[in-house]
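There are 2 protein chains.
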Amino acid sequence: MAVVIRAVRETDRPLYRAPCGACATCDVRTMAVCAALADDEVEALESIMTATHLQANEMLVQEGDPRSKVFTLTSGMLRLSVGLPDGRRQITGFLLPGDYLGLADDEIYTASAEAVGAAALCAFPVRQMDALVERFPKLKDRLHRFTRAALRQARENQLILGRLAPVEKLASFLVLLSDRAVEHRLPASPVSLPMPRADIADYLGLTVETVSRSFTKLRNQGLVAMPDPHSIEICDRRALAAVAGLPPH
Amino acid sequence: MAVVIRAVRETDRPLYRAPCGACATCDVRTMAVCAALADDEVEALESIMTATHLQANEMLVQEGDPRSKVFTLTSGMLRLSVGLPDGRRQITGFLLPGDYLGLADDEIYTASAEAVGAAALCAFPVRQMDALVERFPKLKDRLHRFTRAALRQARENQLILGRLAPVEKLASFLVLLSDRAVEHRLPASPVSLPMPRADIADYLGLTVETVSRSFTKLRNQGLVAMPDPHSIEICDRRALAAVAGLPPH
DNA sequence: CGAGATGTTGAATATAATCAAACAACGTGG
DNA sequence: CCACGTTGTTTGATTATATTCAACATCTCG
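Line order of the protein sequences matches chains L and A. For what it's worth, this note's numbering labels the leading residue of the first sequence as 1060, then goes sequentially. For what it's worth, this note's numbering labels the leading residue of the second sequence as 1060, then goes sequentially.
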């Protein structure tokens, strides 16, 4: 009988545990904000966390809505975007597993977030998260560090949007994604592009046609190969970085 | 005699006091990061502070240099910029009195900062500043708040750079400067443009010629008047905001 | 298998960059 | 004080290039 009781408890817990198991065994445990906490401290985070799943193109938060929750993405990809009244859209960034959603905002979300494909994340009510942040200074420091990194990235993006030609923009995007893949212990090539061309266009300030033509140019120059539109092999990473106008790194 | 001694002390102090007098009487006391501290607490900040002055176009920090100091601008204007190897430049923002320089960076400066005209600022060694930030949690919180605001601004800039037409870019720039002037208790119009056209171009991702032509268009549409190139009267703020593709606010 | 969504390519058009020149403002030195 | 060169701004003509409009190809999925 005791065994049965234990089993019930086990099956109840998944409602409030991380998508890939408890935080302790989570894929992004070492890179997300929760890495600031020791294993016994994450339990506090876990206790206010709700695991959430999104379908492709499902909207998670909408620009202008009150900021009621913050999130850590555990799998999949999110696009962050801001829009104009006439429908024009700028994607300000793509979130990968381990990234935090809610760094920039105070009272209301200033950007929308949608899932590119299926995605999973941990949701935290802001009030309870704020309390935890006060309780664990390391957590606050790590959030601040993430915010600074996001600010540097946003400024880098200003350079890309304001001063790079279309092929240069695309090259810099591919190098960025490749570098991020490496941070996630994935191969630098081929790089996976789960988002449609329209998203890349709205991220780089171009039209879909120009994005497509820029891919073709990079392919014709032998810098990349495209087994399919959503998978890009980087043939010459150094030359690609040079096209992007970036130091070889 | 006592009078003479007091006079000597008075003339010695300026070496280590804020440009406009002690912190307690500083112009930006209420808006800069130091507003987080009570009057008796700012003394700690004052004690590690060095007043600095810059001439027009003098470089304060250079992209890539080790981040040894952080600053609060007390008068004048700074331009923040990032550059490409071939000389192309993107200005990521203009700093006004009360703004903090050093929000985004960790070990090294990721952007250069130069004075637009003559400028004055408070300089703080990072090591000592870090210690004060730990000592005064309110100071850390205010810095974090500033960083979040800078991130929101940088994302707004991505929209402007990626999706607005030249006249729209310029209109949004003028509205931004006007709003910031109001925050500084200055009139919303005329707005002062101390920077050259080349800076505006590098901020908006345009050429100087296109900036100039866009000014002419706004003038011909009766939205602004230009008594001289560095002073812009906003004739129809609502229409200007509409051109910028922004909500009327 | 067909229909819609997504991606690529082609031709045209619009538009910002480039090249060039005129003009104004300013400080310097004769 | 004025001529002069310098710098910054504006305007004009031309060119390069990304967008637009259009067609076609490819892929997905009922």
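Glycine included, C-beta positions come from ideal geometry on N, C-alpha and C. Note that this is a predicted model, so its numbers are computed, not measured.
Using DSSP bridges, identify the partner residues of residue i.
| i | result |
| --- | --- |
| Glu1122 (chain L) | Beta-bridge pairing links Glu1122 (chain L) to no other residue. |
| Gly1152 (chain L) | L:Leu1139 |
| Val1129 (chain A) | A:Phe1183 |
| Ala1284 (chain L) | L:Glu1292 |
Considering only residues of the same chain and omitting the five flanking positions on each side of residue i, which have a CB-CB separation below 8 angstroms?
| i | result |
| --- | --- |
| Ala1163 (chain A) | Thr1169, Ala1170, Thr1206, Ala1209 |
| Ala1240 (chain L) | Pro1246, Ala1247, Val1250, Ser1251 |
| Leu1299 (chain A) | Ala1230, Leu1233, Val1234, Leu1277, Leu1282, Val1283, Ile1293 |
| Pro1196 (chain L) | none |
| Asp1261 (chain A) | Ser1140, Arg1148, Gln1149, Ile1150 |
| Leu1263 (chain L) | Ile1219, Leu1220, Pro1225, Lys1228, Leu1229, Phe1232, Val1270 |
| Glu1100 (chain A) | Phe1195 |
| Ser1237 (chain A) | Ala1247, Ser1248, Val1250, Ile1293, Arg1296 |
| Ser1290 (chain L) | Pro1249, Val1250, Ser1251, Leu1252 |
| Glu1242 (chain A) | Met1090 |
| Leu1213 (chain A) | According to the sequence as given, residue 1213 (chain A) is Ala; it is not Leu. Taken in chain order, the residues that qualify are Thr1151, Gly1152. |
| Leu1272 (chain L) | For the record, residue 1272 (chain L) in the displayed sequence is Arg; it is not Leu. Once the five neighbours on either side are set aside, the close Cβ partners of Arg1272 (chain L) are Pro1225. |
| Thr1266 (chain A) | Ala1260 |
Excluding the 5 residues preceding and the 5 following residue i in the sequence, name in chain order all residues of the same chain whose CB lies nearer than 6 angstroms to its CB.
| i | result |
| --- | --- |
| Thr1111 (chain A) | Leu1180, Ala1182 |
| Pro1156 (chain L) | Val1087, Leu1132, Thr1133, Ser1134 |
| Gly1142 (chain L) | Arg1148 |
| Met1188 (chain A) | Val1129 |
| Arg1211 (chain A) | none |
| Phe1274 (chain L) | none |
| Pro1125 (chain A) | Ile1167 |
| Ala1081 (chain L) | none |
| Met1312 (chain L) | This structure cannot settle anything about residue 1312 (chain L), because the visible part of chain L is limited to 1060 through 1308. |
| Ala1095 (chain L) | Lys1197, Leu1198, Arg1201 |
| Met1254 (chain L) | Val1175 |
Given a threshold of 16 other Cβ atoms within 10 Å of its Cβ, counted over all protein chains shown, does residue i qualify as buried or as exposed?
| i | result |
| --- | --- |
| Thr1151 (chain A) | buried |
| Gly1146 (chain L) | exposed |
| Gln1217 (chain A) | buried |
| Thr1133 (chain A) | buried |
| Ser1127 (chain L) | exposed |
| Arg1068 (chain L) | Caution is warranted here: a pLDDT of 38 is assigned to Arg1068 (chain L), below 50, making its placement in the model unreliable, and no coordinate value can be reported. |
| Asp1258 (chain A) | buried |
| Arg1194 (chain A) | exposed |
| Glu1166 (chain A) | exposed |
| Gly1221 (chain L) | buried |
| Gly1123 (chain A) | exposed |
| Ala1190 (chain L) | exposed |
| Val1302 (chain L) | buried |
| Ala1097 (chain A) | exposed |
| Arg1186 (chain A) | exposed |
| Glu1268 (chain L) | exposed |
| Glu1102 (chain L) | exposed |
| Ala1083 (chain A) | exposed |
Residues in its own chain within less than 7 angstroms of residue i by CB, not counting five upstream and five downstream?
| i | result |
| --- | --- |
| Leu1154 (chain A) | Leu1132, Met1136, Leu1137, Leu1139, Leu1160 |
| Lys1199 (chain L) | Val1192 |
| Ala1174 (chain A) | Leu1113, Gln1114, Ala1115, Asn1116, Glu1117, Leu1119, Gly1135, Leu1137 |
| Val1092 (chain L) | Thr1131, Tyr1159, Leu1198, Arg1201, Leu1202, Phe1205 |
| Arg1256 (chain L) | Val1267, Val1270, Ser1271 |
ask   = If contact means a Cβ-Cβ distance below 9 angstroms, which residues of the segment 1237-1269 of chain L contact chain A?
value = Asp1261, Tyr1262, Leu1263, Gly1264, Leu1265
task = Below 7 angstroms between beta carbons is the criterion; list the residues of the segment 1197-1214 of chain A that meet it against any residue of chain L, in chain order.
result = Going along the segment 1197-1214 of chain A in chain order, one finds His1203, Thr1206, Arg1207, Ala1209, Leu1210, Arg1211, Ala1213, Arg1214 with a Cβ nearer than 7 angstroms to chain L.
query = What alpha helix (DSSP H) runs, 4 residues minimum, are completely inside the segment 1147-1211 of chain L?
reply = 1185-1194
task = Would you mind listing the beta strand (DSSP E) stretches within the segment 1086-1114 of chain L that are 3+ residues and don't spill past its ends, in chain order?
result = 1109-1113
Length-filtered (4 minimum) alpha helix (DSSP H) runs lying within the segment 1211-1279 of chain L = 1225-1242, 1256-1263, 1267-1279
request  = Determine which residues of the segment 1163-1186 of chain A have a Cβ less than 8 angstroms from any Cβ of chain L, and write them out in chain order.
outcome  = Ala1163, Asp1164, Asp1165, Thr1169, Ala1170
key: Residues within the segment 1143-1161 of chain A neighbouring chain L, beta-carbon criterion of under 9 angstroms   = Result list: Leu1143, Pro1144, Asp1145, Arg1147, Arg1148, Gln1149, Ile1150, Thr1151, Gly1152.
inquiry  = Any C-beta of chain A within less than 7 angstroms: which residues of the segment 1281-1292 of chain L qualify?
reply    = none
inquiry  = Taking beta-carbon pairs under 7 angstroms, can you tell me which members of the segment 1126-1137 of chain A lie near chain L?
reply    = none
key: Residues of the segment 1212-1233 of chain L with Cβ closer than 7 angstroms to any Cβ of chain A, in chain order   = Ala1213, Arg1214, Asn1216, Gln1217, Leu1218, Leu1220, Gly1221, Arg1222
message = For the segment 1077-1111 of chain L, list every residue whose C-beta sits within 9 angstroms of some C-beta in chain A, in sequence order.
response = none
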